[in-house]
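Residue 1195 in my numbering sits at position 50 of the sequence shown, and the numbers go up by one each step. I have placed the structure first, in the form of structure tokens, so that the comments after it can refer back to it.
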Amino acid sequence: MHLRTQLFIFDADGTLRRTTVPGRPCPDTADQWQLMPLVAETLRSIPWEEAGYALGIASNQGGVALGYLTRDCAHQLLVDMVVSAIGYFPSRSYIELCTCSITANCDCRKPAPGMLLRILTRSGIPASRAIFVGDAEEDFEAAGRAGIRFRWAKDFFGWPGARCDCPIETIRTR
Ligand SMILES: [Mg+2]
Ligand SMILES: [Zn+2]
1146 MHLRTQLFIF
1156 DADGTLRRTT
1166 VPGRPCPDTA
1176 DQWQLMPLVA
1186 ETLRSIPWEE
1196 AGYALGIASN
1206 QGGVALGYLT
1216 RDCAHQLLVD
1226 MVVSAIGYFP
1236 SRSYIELCTC
1246 SITANCDCRK
1256 PAPGMLLRIL
1266 TRSGIPASRA
1276 IFVGDAEEDF
1286 EAAGRAGIRF
1296 RWAKDFFGWP
1306 GARCDCPIET
1316 IRTR
């Protein structure tokens, strides 16, 4: 049994959005991405404002260090993604992005837990009330190192081929 989830943290690329440019892991501009299937439907079923839920985004953005886009642009693309998915930007939203070089050995680039820990601190919500949803092994490992429960994006959103129950039911019963 878990305490009711109060903080939903998501990876961005491959979890909430996908890049429409072949071969690129992350978008560099506003016309290079789209939401993943069932993301809008699932996130809009959560009553963010009334129930006081908090939203976190933890995204590795190594392209910034490579000069593909600025940190501000990468941040804005994540804000736009949230607004596209939910229809507005929830008041308790916490975006963290690692713009360090892949070789910097920083404490924030997943699988390091730094971004997840910062979201916990900023939101004031304990790890026991949080969940991290991602699509990669680095997400799984970061959740473990932060002490946060993890769910694979395909299960959380109920993508075809996933073996999970209805994601909306899962959220309501937690
Ligand atoms: Mg990902
Ligand atoms: Zn970093």
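Each residue gets a CB set at the ideal place from its N, CA and C atoms; glycine is no exception.
Query	Result
Are GLU1241 and ILE1264 closer than 8 Å when you measure CB to CB?	yes
Who are the near neighbours of GLU1283 in its chain, counting only those whose CB is closer than 7 Å to its CB and skipping five residues on each side?	LYS1255, PRO1256
Going by other Cβ atoms of all chains shown within 10 Å of its Cβ, with 16 needed for buried, is TYR1239 buried or exposed?	buried
Going by DSSP in three states, THR1164 sits in which element: helix, strand or coil?	strand
For the beta strand (DSSP E) containing SER1238, list its first residue and its last residue.	1238-1243
Starting from the N-terminal end, write out each residue whose C-beta falls within a distance shorter than 7 Å of any non-hydrogen atom of ligand 1.	ASP1156, ALA1157, ASP1158, GLY1159, THR1160, GLY1279, ASP1280, ALA1281, ASP1284
Give me the Cα-Cα distance between TYR1233 and VAL1227, rounded to the nearest whole angstrom.	7 Å
Can at least three beta-carbon pairs, one atom from the segment 1155-1171 and one from the segment 1196-1207, be found at a separation below 8 Å?	yes
Give every residue of the same chain whose Cβ lies closer than 7 Å to the Cβ of ASP1225, excluding the five residues on either side of it in the sequence, and list them in chain order.	ALA1175
Where PHE1295 and GLY1212 are concerned, what is the direct C-alpha to C-alpha distance, given to the nearest angstrom?	31 Å
By Cβ distance, which residues of its chain are closer than 7 Å to ARG1162, with the 5 residues on each side in sequence left out?	TRP1178, GLN1179, LEU1180, MET1181, MET1226
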